[in-house]
Each structure stands twice: as structure tokens, then as C-alpha cells.
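Notes for the one structure printed next.
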Amino acid sequence: MLVHATTIVLGGRAVLLCGAPGSGKSDLALRAIDAGAVLLADDQTALSAERGSLVARCPETIRGRLEVRGLGIVDLPWRDAVPVGLAVDLVPAETVERLPAAAERIWLGISIPLLRLAPFEASSVVKLRLAVARLKGE
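FYI, the numbering for the sequence shown is 46 to 183, going by the working numbering.
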């Protein structure tokens, strides 16, 4: 299954950044990579169900490539075949709830925790890290 998402690896888990074109997926991924995350896929991510887990992979044609607006395509270190830990819907800041209820996204019959996040806030990368740490029980 191919989904419209930019995916990074954070805390050993794939984090899918989902949103419309121009919503900030690649920009947030670039800032997270600068803070220690690793690229998995930009703009399109292949998902498969394997032994009860959802696994993210990068389509071969875009491996290690990230589109950086104003700069072009850049080559970066990348990972592949990583279990999915979190889905993130990128939304306008005014639509993010202060104290959201738990949410999920279901792909291929597998439930994944879902976070709604404003991608251009200065704290967005820190919020991603906190969400992944919370999922890991840290």
C-alpha cells in the first residue's frame, strides 16, 4: 500500500508525516533530521503488514532523497523497512486541541497512534520526540 507521507525514523520507529502538498511534511522532516532523526521516505511511503506490525519502506526511485523547497533535491542517509510507531497529521495551528483525546489511524487493519501537529511551530520537532518517547513508555 502506497501512502502520501514523508517518513522519518525516530527512536527506532517510523513516524509518518501526513498532509496535503505544501503542508510542511518535508520541512518538518528536514528539521527532525537535523535534530537526529533519519530519513526513510519523502512524499510517498510504502506500507506492508508483517507479523502483526505495520512496516514502512521507501519506494526505490526516491531512496535517500528529500525535496528541500528553495534548494532542490538533496541526498541524505536513509533507513528502510522500519516498524511504524506513529502517524502525524499536519494541520493548521489553530485546529490543534490543547488536550487531545487518544486517536488512531488504521492501515492494512493495523491501528497506529495518531497525533495532530502544526508543522511550522518552533516546538514541532520536540513534540515529535516527546510523542515517540511517550509511546515507548519513557
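C-beta: ideal position from N, C-alpha, C; glycine also.
Residue i versus residue j - alpha carbon distance
i, j, result
"Val133", "Ile155", "15 Å"
"Leu159", "Leu116", "31 Å"
"Leu99", "Ile151", "10 Å"
"Glu95", "Arg174", "25 Å"
"Gly177", "Leu47", "The question names Gly, yet the displayed sequence has Val at residue 177. Taking the straight line joining both Cα atoms gives about 23 Å."
"Ser93", "Val129", "10 Å"
"Ala138", "Ser168", "12 Å"
"Leu55", "Leu75", "13 Å"
"Asp79", "Ala91", "24 Å"
"Lys172", "Gly67", "20 Å"
"Ala77", "Ala59", "12 Å"
For residue i: DSSP bridge partner residues
i, result
"Arg58", "Leu55"
"Val100", "Ser93 and Pro128"
"Ala50", "Cys63"
"Ile157", "Arg150"
"Leu207", "With the chain running from 46 to 183 in the structure shown, residue 207 is simply not present."
Assigned secondary structure, residue i (DSSP; H/G/I helix, E/B strand, else coil)
i, result
"Leu175", "helix"
"Glu95", "strand"
"Leu116", "coil"
"Ala74", "helix"
"Leu84", "strand"
"Leu144", "coil"
"Val170", "helix"
Residue j beta carbon less than 8 Å from that of residue i
i, j, result
"Ile53", "Leu85", "yes"
"Val170", "Pro122", "no"
"Leu61", "Leu73", "no"
"Ile182", "Leu135", "Note that residue 182 is Gly in the sequence shown, not Ile. Their beta carbons are not under 8 Å apart, which means Gly182 does not touch Leu135 by this criterion."
"Val144", "Leu180", "The sequence as given places Leu at residue 144; Val does not occur at that position. No, these two residues do not count as a Cβ contact at 8 Å."
Contact set for residue i: own chain, Cβ-Cβ below 8 Å, skip 5 residues either direction
i, result
"Asp88", "His49, Ala50, Thr51, Lys70, Ser71, Ile107 and Glu112"
"Ser105", "Inspection of the sequence shows that residue 105 is occupied by Glu rather than by Ser. Here the set comprises nothing."
Same chain only: Cβ atoms within 6 Å of residue i, ignoring 5 sequence neighbours per side
i, result
"Phe165", "Gly69"
"Leu125", "Checking the sequence, you will find Asp at residue 125 rather than Leu. Here the set comprises Arg102 and Cys103."
"Val141", "Arg161 and Ala163"
beta-carbon residue i near the ligand GTP non-hydrogen atom, thresh 7 Å
i, result
"Arg110", "Within the structure as shown, the ligand GTP is missing, as the structure has no ligands at all."
Contacting residues, own chain, Cβ-Cβ under 7 Å from residue i (five flanking each side not counted)
i, result
"Asp120", "Gly109 and Arg110"
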